[in-house]
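Participant: Pasting in a structure now, in structure tokens, and then I'll have a few things to ask.
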Amino acid sequence: MEELVIRDADVVDGSGGPSYRADVVIDQGRIVSIVQEAAAAGCQRPKARRELDAEGLVLSPGFIDMHAHSDLALLRDPDHSAKAAQGVTLEVLGQDGLSYAPVDDRTLEEVRRAITGWNGYGDDIDIDWRSVGEYLDRLDRGIAVNAAYLVPQGTVRALVVGWQDREATPRELDRMRRLVAEGLEQGAVGMSSGLTYTPGMYAKDAELTELCRVVASYDGYYCPHHRSYGAGALEAYEEMVALTREAGCALHLAHATMNFGVNEGRAPQLLALLDAALAEGADISLDTYPYTPGCTTLVAMLPSWASEGGPEAVLGRLADEETAARIRHHMEVIGADGCHGVPIEWDTIEISGVSDPALADFVGRTVQESAALRGEEPWVTARRLLLEDRLGPTILQHVGHEENVRTIMRHRVHTGGSDGILRGGKPHPRAYGTFPRYLGRYVRELGVLSLEECVAHLTSRPAARLRLPDRGLVREGYKADLVLFDPATVAAGSTFDNPRVLPTGIPYVLVDGRFVIEDGRRTDVLAGRAVRRTK
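Letter by letter, the sequence shown follows residues 184 to 718 in the working numbering.
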């Protein structure tokens, strides 16, 4: 007898088609049969060792977070309710061009320092891997939800070229190509870049194109955090479209927003650009989170020249009065490339986390507010934080536009991505609330998307981008990565004031046919594994 039958569920199967009522039978981690109400009339209903009454609940495929920063969190916190409670059954890691494989000892230390604000330093974790394959093997020991990995181009460049602003030599480019190929052979699904972060931002288009050719040869995809989301945003999107078209590589645009005052109301221009490329045969998708503020590190706001050479070099420049004055001028007057070419507005920069507990009073306030409390100029406060916290602060950047958010999420190639940073005293609520917020606010309350369409955005579309033949739909033979939610009550619990509150209305989540959320509570099941590129 099979393990589980979910009875009388309203199945929203991820295809975008209409829902239907059915009994769904699960065994050995897969969906073995689906008996629709019409077919079951007058027939014996399927039985299993366990029966779950799903009356009033929607059964859908598990949600796929296309942009996650859980690279260490999955290992640090086996509970991982931040994502599991949202109905997320698969996360894509290695984002924004910086992560922890492939590395050597030197590069690992540099990367740990550079992205402490994203993941913590990691001294509470035995980082016993160096290659992509070894990292995926580590995930295979058991994690809360499944995880796929992108080869981080910035880490690859740091390993081969270093943190200098210069072109790679032909020999270095050959080695980077080999490293990307090895990562894909070991199971990565594509490559990411962070083109406003060092050292990835130092790569010219020709270098990126060559690496994308490698990605294309493995049927992977390129996921760039491109060179600007502010001034020049449309040109930056166009650059990525042209680059990947030349390389013959699929393109997935990370957190595809149009931010800052210069881009208010300009989302239709972005979508027109993408529609034209799609009509010409380009393979493009994108992800967004359903909030207006962004989230990154404070050091990312600096001009690229100030970040050359790695974390220690940055701290040295900030400590030097003359150089610090130059940095300030670029940020406040010219518009640093780290701040997307827009002069920084300190009243939009809210400190969301610090590494040093002694600096906790800064968390939850904008830089401008903290500066006013101390009777100093905002730059003085920002510089103090960067130096005293050794580049550790994370920030919320309140520069988005609701109209742009809604317009982009309607697009036919849109998928969901939390971009969730789980560290800090007051993280962005998207880390805990992205997927229920889509279902609660943008489906039920605002009607921006229908329920069936939204579920497709969060399930089958990302599964198709990841080339996963047996995930993203409720189908016989597919993996039993599933979520049951109440469409009348599902909602994000997290807010900007209380960002670590779990959602409501999601009582059951299954990974590999096993309950990781049951009756609204986290179980002790660690059914997640690395999901590897299969071609």
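From the three backbone atoms N, C-alpha and C, an ideal C-beta is built for every residue, glycine too. The structure displayed is predicted, hence computed values, not measured ones.
Among G239, V195, R233 and Y203, which residue has its Cα nearest to the Cα of D669?
Facilitator: It is G239.
Participant: How is S400 classed by DSSP in three states: helix, strand or coil?
Facilitator: helix
Participant: Only counting the same chain, and skipping five residues up and downstream in sequence, which positions put a Cβ closer than 6 Å to that of G477?
Facilitator: For G477, where only same-chain residues beyond five positions count, the Cβ hits under 6 Å are Q580.
Participant: May I ask you to verify whether the stretch 623-630 touches the stretch 647-665, counting CB pairs closer than 8 Å and requiring at least 3?
Facilitator: These segments do not touch.
Participant: Could you check whether G521 and T170 sit closer than 7 Å to each other, using their CB atoms as the reference points?
Facilitator: The structure shown does not extend to residue 170, since the chain is modelled only from 184 to 718, so the question has no answer here.
Participant: In the DSSP assignment, find the unbroken alpha helix (DSSP H) run with I298 in it and report its ends.
Facilitator: Segment: none, I298 is in no alpha helix (DSSP H) and carries neither H nor E.
Participant: So, for S376: in the same chain, excluding its five sequence neighbours on each side, which residues have a beta-carbon less than 6 Å away from its beta-carbon?
Facilitator: G280, Q336, G383 and P407
Participant: Check T506 in the structure and name its three-state DSSP category.
Facilitator: helix
Participant: Determine the DSSP secondary structure at D520, reduced to helix, strand or coil.
Facilitator: helix
Participant: Taking DSSP as the reference, what is the three-state secondary structure of K662?
Facilitator: The three-state reading of DSSP puts K662 in strand, counting E and B together.
Participant: Under 8 Å: do the stretch 534-548 and the stretch 450-469 share three or more Cβ pairs, one atom per stretch?
Facilitator: no
Participant: So what does DSSP say about Y691, is it helix, strand or coil?
Facilitator: strand
Participant: Quick one: what's got a C-beta closer than 8 Å to E293's C-beta in the same chain, skipping five residues either side?
Facilitator: A341, W346, G493 and P494
Participant: Within the continuous alpha helix (DSSP H) that includes L453, where are the two ends?
Facilitator: A450 to A462
Participant: Do you know whose CA, among H584, V699, R354 and R704, lies nearest G325's CA?
Facilitator: V699
Participant: From L656 to A351, what distance separates their C-alpha atoms?
Facilitator: One Cα belongs to L656, the other to A351, and the distance between them is close to 43 Å.
Participant: By Cβ distance, which residues of its chain are closer than 6 Å to S553, with the 5 residues on each side in sequence left out?
Facilitator: Listed in chain order, the non-local C-beta contacts of S553 below 6 Å within the same chain comprise F545 and T564, local neighbours out to five positions each way being set aside.
Participant: Look up S375 in the DSSP assignment and give the residues it is bridged to.
Facilitator: P335 and C406
Participant: Does the Cβ of I214 have 16 or more other Cβ atoms within 10 Å, making it buried, or fewer, making it exposed?
Facilitator: buried
Participant: Exposed or buried, P201, counting other C-beta atoms within 10 Å across all chains shown (16 or more means buried)?
Facilitator: exposed
Participant: Please report the distance separating the alpha-carbon of N329 from that of A267.
Facilitator: 10 Å
Participant: Taking G583 as the reference, which of G448, G711 and Y318 has the closest Cα?
Facilitator: G448
Participant: Would DSSP call R654 helix, strand or coil?
Facilitator: coil
Participant: Around the C-beta of D196, are 16 or more other C-beta atoms found within 10 angstroms, so that it is buried, or is it exposed?
Facilitator: It is buried - the Cβ of D196 has at least 16 other Cβ atoms within 10 Å.
Participant: Taking only the alpha-carbon atoms, compute the straight-line gap between C432 and G415 and give it to the nearest angstrom.
Facilitator: 23 Å
Participant: DSSP state of D236, grouped into three classes?
Facilitator: strand
Participant: Taking the C-alpha atoms as reference points, what is the distance between Q551 and E560?
Facilitator: 8 Å
Participant: Closest to S282 by CA distance: which of L570, A251 and L187 is it?
Facilitator: A251
Participant: Taking one C-beta from the stretch 652-666 and one from the stretch 584-596 each time, how about it: are there three or more such pairs within less than 8 Å?
Facilitator: no
Participant: In the DSSP assignment, find the alpha helix (DSSP H) that holds G316 and state where it starts and stops.
Facilitator: V315 to L322
Participant: Which residue comes first and which comes last in the beta strand (DSSP E) that contains Q580?
Facilitator: T577 to Q580
Participant: May I ask you to report which of helix, strand or coil DSSP gives I247?
Facilitator: DSSP, reduced to helix, strand and coil, places I247 within a strand of the structure shown.
Participant: Figure out for me which residue from F443, D307 and A675 has the closest Cα to the Cα of G518.
Facilitator: F443
Participant: Could you please give the first and the last residue of the uninterrupted alpha helix (DSSP H) stretch that includes V588?
Facilitator: E585 to M592
Participant: Nearest to K230 by CA position, among S601, V424 and R190, is which residue?
Facilitator: R190
Participant: In whole angstroms, what separates the C-alpha of L498 from that of P526?
Facilitator: 22 Å
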